[in-house]
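Here our numbering = 1-based position in the sequence shown + 49. Here a beta-carbon is modelled for each residue, glycine too, at the ideal position from N, C-alpha and C. Remember, predicted model here, so these are calculated numbers, not experimental data.
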Amino acid sequence: MQIMRNKISTSSPNRRSGSCTFAFRLTPCFLAAQVLVASSAFAQDGLSDLGGLQSPGYSGAFGASSDGGVVVGIAQAGVNVRAFRWTSTGGMVNLGALAGADSSVALGVNLDGTVVVGESDPGGVKRAFRWTSNGGMVSLGTLPGGNFSTASGVNASGSIVVGQARDAAGVDHAFRWDTTGGMVSLGFLPGGTYSTAAGVNADGSVVVGTSDIATLDRAFRWTSGGGMVNLGVLAGGGYSSAAGVNADGSVVVGYSGNGTAFDRAFRWTSGSGMVDLGTVPGGTSSQARAVNASGGVVVGDSGDPAAIVRAFRWTQATGLITVEQWLRDNGVAVPVDVTNQAYGVSADGNVVVGNLDNGHAFVARVTPKGSGIMDVVNYQGSLAGTGNVTSLALHGAEMVIHGAHGSPMRGRVAAGQSAFWANGDVGDNGHDRFGGDLSSAEIGLSHSWGNGLQGNIALGHQRETQGLELGGETRMRGTYLMPELIWQATDSLYATFSGYYQRGSASVRRGYWNAGVTDYSRGDAGTEVIGLRARLDWLDAWKLGEANLTPYTSLTATSAKVDGYTETGGGFPA
50 MQIMRNKIST SSPNRRSGSC TFAFRLTPCF LAAQVLVASS AFAQDGLSDL
100 GGLQSPGYSG AFGASSDGGV VVGIAQAGVN VRAFRWTSTG GMVNLGALAG
150 ADSSVALGVN LDGTVVVGES DPGGVKRAFR WTSNGGMVSL GTLPGGNFST
200 ASGVNASGSI VVGQARDAAG VDHAFRWDTT GGMVSLGFLP GGTYSTAAGV
250 NADGSVVVGT SDIATLDRAF RWTSGGGMVN LGVLAGGGYS SAAGVNADGS
300 VVVGYSGNGT AFDRAFRWTS GSGMVDLGTV PGGTSSQARA VNASGGVVVG
350 DSGDPAAIVR AFRWTQATGL ITVEQWLRDN GVAVPVDVTN QAYGVSADGN
400 VVVGNLDNGH AFVARVTPKG SGIMDVVNYQ GSLAGTGNVT SLALHGAEMV
450 IHGAHGSPMR GRVAAGQSAF WANGDVGDNG HDRFGGDLSS AEIGLSHSWG
500 NGLQGNIALG HQRETQGLEL GGETRMRGTY LMPELIWQAT DSLYATFSGY
550 YQRGSASVRR GYWNAGVTDY SRGDAGTEVI GLRARLDWLD AWKLGEANLT
600 PYTSLTATSA KVDGYTETGG GFPA
């Protein structure tokens, strides 16, 4: 009986495994058995969402890149919260915090997703930050003498950041920051006492946000030539606030009080002024949070604040409808409504991000690549499960090396003689509730040259399967070559040196929840496995009656590589 323990992580596409094995062999009873004990991380799947940095834990999405491929926001990390940057291939990545800070929040991202802005809290005081992959998270400071700042928007290139900062007198100002001039106050509306910036257009020439007149909030639009301009309020309203601006700065969105106790989403242009976008059917209020590049798609939330609020998507053609209804209208089966708020939209308007009722971030989209709505936490779990490809590759190699080739002393031939053989092995590879199996079949040739030297060569084929969440599965096929050299060092000591090389392919069917129903995406990747073993047998070291004991020690190293691949099918192929 041989027992191997092999801990395997599923986080990396390149895997290395090492094992040092001590065992014994009984003769003449030719019984061989092998037990493989593996530890693999398979995350739970539910509605395929953006997930979080921990489970359980909440998350929220506040911005998306131009193509919707990068999402940023906030996620629980222990007792604190951290800014995250999410991609479909890399999952959710913690962006850390400023030095001396406990928490951080990402509130905006640039056109291609390479620059993230938000706030962190060194010493318990908020500071605006700008993050890049090369420079990490950098504080943007405050206005002279101030002790507070937060960044809420960034332009297309990532060179201009806007937000809110406090001056030496404790007054909040909308600011515009760039790499040459630093942080500059944009001032207030006439008679105002404070301001805050919420968004900036593509080239950084237009900034929108909120200032005040006679203690009531007013949406503003700022340009370098015209300064800060009051956008007014909806008919009968007393206040307004701007949340987003399109690429050329011609369309502004936000919300305004309409003379009742509730708010209404608005869309402003210089030609039409501020237009009420209405509410979802049965709703009493709405707030617009973001607008796409052309200004034709607006997203936000609407409903009854005392009961249910849903994420919405507005166009001139559809009016204001829930994100779920938008998906249904485009052929996606969405059995129940699950969204709560929408905070970001892609440049073309076909990707919407926000929060779900369950506290997770979501991505919803209608694209040629796939359509639907996913819960990021559970989507990440389904991606983590695909890491078992390398686990399977290693298990298959070790089954051959330590199973079919687990007793080299039984394959010895007399000096000057040759032998031909056929061999096979089978194994179980179940993990918790997921079934799996491994099998191999081979043919081989042995020859002894005398002087204690024997060579073996085997050619074989392997098949492996492993179940994944929600009916997903990984299948592997490969052909291997295994050369061996056996050297008789003394009358009873034999050294065996083995090599293993396999080329094959893996087929992965990944299951995840898409809009509350099971969906599948598939991909194929090439695999390569290399293994080396050095083994020393003490042949018939002891005798117990008619049984001979042959102890041995074996050192094995295996390395598995899986090629990158792109999935097809399903709503969210990765």
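Worksheet item: So does the segment 394 to 409 actually touch the segment 528 to 535, counting three or more Cβ pairs closer than 8 angstroms?
Response: Touching, no, given that fewer than three Cβ pairs across the two stretches are closer than 8 angstroms.
Fill in: Chain-order list of residues whose beta-carbon lies under 8 angstroms from that of G380 (same chain, five-residue window excluded)
The residue given as residue 380 occupies position 331 in the sequence shown. By the criterion of a C-beta distance shorter than 8 angstroms, G380 is surrounded in its chain by S420, once the five residues flanking it on both sides are discounted.
Practice prompt. Compute the distance between the beta-carbons of G162 and G118, then report whether it is under 8 angstroms.
Written response: Residue numbering aside, residue 162 sits at position 113 when the sequence shown is read from its first letter. Residue numbering aside, residue 118 sits at position 69 when the sequence shown is read from its first letter. Between G162 and G118, the C-beta spacing is below 8 angstroms.
Item to complete: Could you tell me which residues DSSP pairs with I209 in its beta bridges?
Response: If you number the sequence shown from 1, residue 209 lands on position 160. Residue pairing for I209: DSSP places it in a beta bridge opposite D227.
Practice prompt. Reducing DSSP to helix, strand and coil, say where Y550 ends up.
Written response: Here residue 550 refers to the residue found at position 501 when the sequence shown is read from its first residue. The three-state secondary structure of Y550, taken from DSSP, is strand.
Worksheet item: How would you label I370, buried or exposed, when you count the other beta carbons within 10 angstroms and need 16 or more for buried?
Response: Residue mapping note: residue 370 aligns to position 321 of the sequence shown, counting from 1. Classification for I370: buried.
Worksheet item: To the nearest whole angstrom, what separates the beta carbons of Y428 and Y243, a pair I think is in contact under 8 angstroms?
Response: Along the sequence shown, one-based indexing puts residue 428 at 379. Along the sequence shown, one-based indexing puts residue 243 at 194. About 40 angstroms separates the two Cβ atoms, so there is no contact after all.
Discussion item. In the DSSP output, which residue or residues are listed as bridge partners for H222?
Written reply: In the sequence shown, residue 222 corresponds to position 173, counting from 1. Per DSSP, A214.
Practice prompt. Can you tell me which of the three DSSP states V249 falls into?
Written response: Numbered from 1 along the sequence shown, position 200 holds the residue referred to as residue 249. Three-state result, V249: strand.
Practice prompt. Tell me whether D397 sits in a helix, a strand or coil according to DSSP, three-state version.
Written response: Mapped onto the sequence shown, residue 397 falls at position 348. Under the three-state reduction of DSSP output, D397 falls in the coil class, being neither helix nor strand.
Worksheet item: Around the Cβ of P193, are there at least 16 other Cβ atoms within 10 angstroms (buried) or fewer (exposed)?
Response: In the sequence shown, the residue the question calls residue 193 occupies position 144. Burial call: exposed.
Practice prompt. Output the boundary residues of the beta strand (DSSP E) element that contains V257.
Written response: As a position in the sequence shown, residue 257 is number 208, starting the count at 1. Its beta strand (DSSP E) spans residues V255 to I262.
Fill in: Unbroken beta strand (DSSP E) run spanning D589, endpoints
Position 540 of the sequence shown holds residue 589. Per DSSP, D589 belongs to no beta strand (DSSP E) and is neither H nor E.
Worksheet item: Cβ atoms of N159 and V130: under 8 angstroms apart, would you say?
Response: Position 81 of the sequence shown holds residue 130. Position 110 of the sequence shown holds residue 159. Contact flag unset, no.
Worksheet item: According to the Cβ coordinates, are A464 and S495 closer than 8 angstroms?
Response: Residue mapping note: residue 464 aligns to position 415 of the sequence shown, counting from 1. Residue mapping note: residue 495 aligns to position 446 of the sequence shown, counting from 1. In this structure, S495 does not lie closer than 8 angstroms to A464 by Cβ.
Practice prompt. Decide yes or no for the touch test of the segment 427 to 444 against the segment 607 to 618: beta carbon pairs closer than 8 angstroms, at least 3 of them.
Written response: Contact between the segment 427 to 444 and the segment 607 to 618 is present, because at least three Cβ pairs lie under 8 angstroms.
Worksheet entry | Contacts around G618, its chain only, beta-carbon distance under 6 angstroms, and the 5 residues preceding and following it disregarded | Your numbering for residue 618 matches position 569 in the sequence shown. Sequence-distant Cβ neighbours of G618 in its own chain, meaning closer than 6 angstroms and more than five residues away, are S570 and R571.
Item to complete: Using the Cα positions of A471 and Q551, report the straight-line distance between them to the nearest angstrom.
Response: The residue given as residue 471 occupies position 422 in the sequence shown. The residue given as residue 551 occupies position 502 in the sequence shown. It is roughly 18 angstroms from the alpha-carbon of A471 to the alpha-carbon of Q551.
Worksheet entry | Pairwise C-alpha distance: A251 and S206 | Counting from 1 along the sequence shown, the entry for residue 206 is found at position 157. Counting from 1 along the sequence shown, the entry for residue 251 is found at position 202. When the Cα atoms are used, S206 and A251 turn out to be separated by approximately 8 angstroms.
Worksheet item: Between which two residues does the beta strand (DSSP E) harbouring Q537 extend?
Response: Residue mapping note: residue 537 aligns to position 488 of the sequence shown, counting from 1. DSSP places Q537 in the uninterrupted beta strand (DSSP E) bounded by E522 to Q537.
Worksheet item: Apart from the five residues just before and just after S153, which ones in its own chain have a Cβ nearer than 6 angstroms to its Cβ?
Response: Residue numbering aside, residue 153 sits at position 104 when the sequence shown is read from its first letter. Sequence-distant partners of S153 (beyond 5 residues in either direction) whose C-beta falls short of 6 angstroms from its own C-beta, in its chain, are R131, A132, A146 and S169.
Worksheet entry | Per-residue burial, T547 [other beta carbons within 10 Å of its own, 16 or more giving buried] | By 1-based counting over the sequence shown, the position of residue 547 is 498. Note on identity: in this sequence residue 547 is Ser, with Thr being the wrong assignment. It counts as buried.
Worksheet entry | Buried or exposed (CB count within 10 angstroms, at least 16 for buried), G613 | As a position in the sequence shown, residue 613 is number 564, starting the count at 1. Counting Cβ neighbours within 10 Å, G613 comes out exposed, since fewer than 16 surround it.
Fill in: Length at least 3, wholly inside the segment 461 to 500: the beta strand (DSSP E) runs in chain order
DSSP runs (the beta strand (DSSP E)) wholly in the segment 461 to 500: 467 to 477 and 485 to 499.
Practice prompt. Could you tell me whether the segment 386 to 395 touches the segment 353 to 367, where touching means 3 or more Cβ pairs closer than 8 angstroms?
Written response: Taking 8 angstroms as the limit for Cβ pairs, the verdict is that the segment 353 to 367 does touch the segment 386 to 395.
Worksheet item: Buried or exposed: V128, going by 16 or more other Cβ atoms within 10 Å of its Cβ?
Response: Numbered from its first residue, the sequence shown carries residue 128 at position 79. By the neighbour-count definition (other C-beta atoms within 10 Å, threshold 16), V128 is an exposed residue.
Practice prompt. Give the DSSP-derived three-state secondary structure of T191 in the structure shown.
Written response: Position 142 of the sequence shown holds residue 191. Coil at T191, not helix or strand.
Fill in: Same chain, Cβ closer than 7 angstroms to T245, neighbours up to 5 away in sequence not counted
As a first step, residue 245 must be located in the sequence shown, where it is residue number 196. Only Q213, D221, A223, G258 and T259 meet the Cβ criterion.
Worksheet item: Do D350 and Q365 have their C-beta atoms within less than 8 angstroms of each other?
Response: By 1-based counting over the sequence shown, the position of residue 350 is 301. By 1-based counting over the sequence shown, the position of residue 365 is 316. Judged by their CB atoms, D350 and Q365 are not nearer to each other than the 8 angstroms cut-off.
Item to complete: Return the first residue and the last residue of the alpha helix (DSSP H) that V329 is part of.
Response: Numbered from 1 along the sequence shown, position 280 holds the residue referred to as residue 329. Neither: V329 is in no alpha helix (DSSP H) and is coded neither H nor E.
Fill in: Status (buried if at least 16 other CB within 10 Å, exposed otherwise) for L326
As a working note, residue 326 is residue 277 in the sequence shown. By the neighbour-count rule (16 or more Cβ atoms within 10 Å), L326 is buried.
Discussion item. Does R179 pass the burial test, meaning 16 or more other C-beta atoms within 10 Å, or should it be called exposed?
Written reply: For the purposes of this step, residue 179 is identified with residue 130 of the sequence shown, where counting begins at 1. The residue is buried, with at least 16 neighbouring Cβ atoms inside 10 Å.
Discussion item. Checking 8 angstroms against the spacing of the C-beta atoms, do Q511 and G485 come in under that value?
Written reply: As a first step, residue 511 is located in the sequence shown; it is residue number 462 there, counting from the start. As a first step, residue 485 is located in the sequence shown; it is residue number 436 there, counting from the start. Annotated as distal: Q511 and G485, with beta-carbon spacing of 8 angstroms or more.
Discussion item. Which of the three DSSP states is assigned to A453 in this structure?
Written reply: Here the question's residue 453 lines up with position 404 in the sequence shown. Judged by DSSP in its simplified three-state form, A453 adopts helix.
Worksheet entry | Euclidean distance between Cα positions of L99 and A564 | By 1-based counting over the sequence shown, the position of residue 99 is 50. By 1-based counting over the sequence shown, the position of residue 564 is 515. Because L99 sits at a pLDDT of 42, beneath the cut-off of 50, its placement in the model cannot be relied upon, and the point is left open.
Worksheet entry | Residues bridged to R359 (per DSSP) | Walking along the sequence shown from the start, residue 359 turns up at place 310. R359 pairs with S351.
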